[in-house]
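Numbers 28 to 299, taken from the working numbering, label the letters of the sequence shown in order.
For reference, the structure discussed in these notes is given below.
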Amino acid sequence: MYGFGYGLTMRSRRAGGFSPVSDLFGSGEQGYIIPWLPGTVWKDTARTVPCTAHDDLIACADDISGNGNHYIQSVQSKRFKWQTDGTYYWALPDAFDDFMSTVSSVPLSASDKLTVWAGFRKLSEAAVSVIWDTSPTTITNNGSIAFVVPTAVNSGQISFSGRGTGLGGQNTTALASAPLTLVASCVYDIAGASLATEIMPRINGAVPPLVPAGSSLGSGNFGNYTHYIGGRSGTSLFFNGRIGPLIARGGATSAALIAATEQWVNSKTGAF
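Shown next, in the form of structure tokens:
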């Protein structure tokens, strides 16, 4: 069964002592954690009526990092479904026009480094789609990144793209065809010496075979933009799949912390 089993409250820790809230954001780091937990998803943007049942429409998904970077959707017809079997939880877009965006710009401009994690299940390879954008479009907005799933129709690839003053990406070689459950993470470092050190993706806890695309990311820091999930700026490339935990963290992240966070996301995704 595919699902997202939380079994933990936001304040509790798994064996080994890892807490995503305190370990990732305990020193004032910017970003967010969107876990889709009961009590963190709402049927109204004012966050007064919680989602409680399978297929409730999500108007707001809380950021539990303490930064208040919640995701919202004010148009009812464009809202994800919150799905659960009583143990597992995820968000399901309609792959037509559903998306969510942060309530305001996420302030990441203090650093040229960003680490992101996502648990998701791709359900189709029939159309190019964007699961996550940290600006309206990485193609033109300096200091932003995107996850494109798949990179091309029926390619089985995922693109981790980014932009400083230049646009580049790292594409996986063909993965298994949809349906496929994955935990993806990626370290972005605009100051890296080449694409190999500027964009460093991992799939299910390991570095996959990669094909570089485009140029070096150039220079500069990440920008302060509205972030989007489910489609590019809410206008195109809508994602066909289930969306699980999403984490974005500004600044440098150690290898040990990257791996621990992958395990935490996987414990709620069941990918590997």
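We put the beta carbon where it would ideally sit given N, CA and C, even for glycine.
key: Bridge-paired residues (DSSP) for residue 197   = Walking along the sequence shown from the start, residue 197 turns up at place 170. Residue 197 is bridged to 187 and 239.
task = Taking only runs that begin and end inside the stretch 148 to 178, name each unbroken beta strand (DSSP E) of 3 or more residues, in chain order.
result = 157 to 160 and 171 to 175
ask   = At what residue ranges does the stretch 219 to 277 contain a whole run of the alpha helix (DSSP H), taking only runs of 4 or more?
value = 222 to 225
task = Could you pull out every residue in the same chain whose Cβ sits closer than 6 Å to the Cβ of residue 145, ignoring the five residues on either side in sequence?
result = Walking along the sequence shown from the start, residue 145 turns up at place 118. Excluding sequence neighbours, residue 145 sits near 211 and 273.
ask   = Just how far apart, CA to CA, sit residue 268 and residue 221?
value = Counted from its first residue, the sequence shown places residue 268 at position 241. Counted from its first residue, the sequence shown places residue 221 at position 194. Each residue's Cα considered, the two are about 32 Å apart.
task = Starting from the C-beta of residue 150, find all residues in its chain whose C-beta is less than 6 Å away, skip the five residues before and the five after it, and write them out in chain order.
result = Counting from 1 along the sequence shown, the entry for residue 150 is found at position 123. Contacts found: 205, 206, 267 and 268.
ask   = Once you ignore the five residues that flank residue 152 on each side, which residues in its own chain have a CB closer than 8 Å to its CB?
value = Residue numbering aside, residue 152 sits at position 125 when the sequence shown is read from its first letter. Taken in chain order, the residues that qualify are 177, 180, 181, 182, 183, 204 and 205.
query = Is it true that the CB of residue 189 sits closer than 8 Å to the CB of residue 230?
reply = Numbered from 1 along the sequence shown, position 203 holds the residue referred to as residue 230. Numbered from 1 along the sequence shown, position 162 holds the residue referred to as residue 189. Not a contact, by the Cβ cut-off of 8 Å.
message = To the nearest angstrom, how far is the alpha carbon of residue 155 from that of residue 241?
response = Counting from one through the sequence shown, the residue named residue 155 turns up at place 128. Counting from one through the sequence shown, the residue named residue 241 turns up at place 214. The straight-line gap from Cα to Cα measures roughly 18 Å.
ask   = Do the CB positions of residue 260 and residue 161 come within less than 8 Å of each other?
value = Numbered from its first residue, the sequence shown carries residue 260 at position 233. Numbered from its first residue, the sequence shown carries residue 161 at position 134. Not in contact: residue 260 and residue 161 (Cβ atoms no closer than 8 Å).
query = Do residue 138 and residue 44 have their C-beta atoms closer together than 8 Å?
reply = If you number the sequence shown from 1, residue 138 lands on position 111. If you number the sequence shown from 1, residue 44 lands on position 17. It is not a contact, given that the beta carbons lie outside the stated cut-off.
ask   = Where does residue 72 sit, in a helix, a strand or coil, going by DSSP?
value = Taking the sequence shown and counting its residues from 1, one reaches residue 72 at position 45. The answer is coil: DSSP assigns residue 72 none of H, G, I, E or B.
ask   = When the cut-off is 8 Å and only beta carbons count, does residue 50 lie next to chain B?
value = Of the protein chains in this structure there is only one, and it is not chain B.
Proximity below 8 Å, CB of residue 59 to CB of residue 90 = Looking up residue 59 in the sequence shown gives position 32. Looking up residue 90 in the sequence shown gives position 63. Going by C-beta atoms, residue 59 is nearer than 8 Å to residue 90.
Reference residue 237; option with closest CA among 228, 243, 245 and 244 = Along the sequence shown, one-based indexing puts residue 237 at 210. For residue 237, the nearest C-alpha among the options comes from 228.
ask   = Out of curiosity, what's the CA-to-CA distance linking residue 292 and residue 50?
value = Walking along the sequence shown from the start, residue 292 turns up at place 265. Walking along the sequence shown from the start, residue 50 turns up at place 23. Computed Cα separation, rounded: 14 Å.
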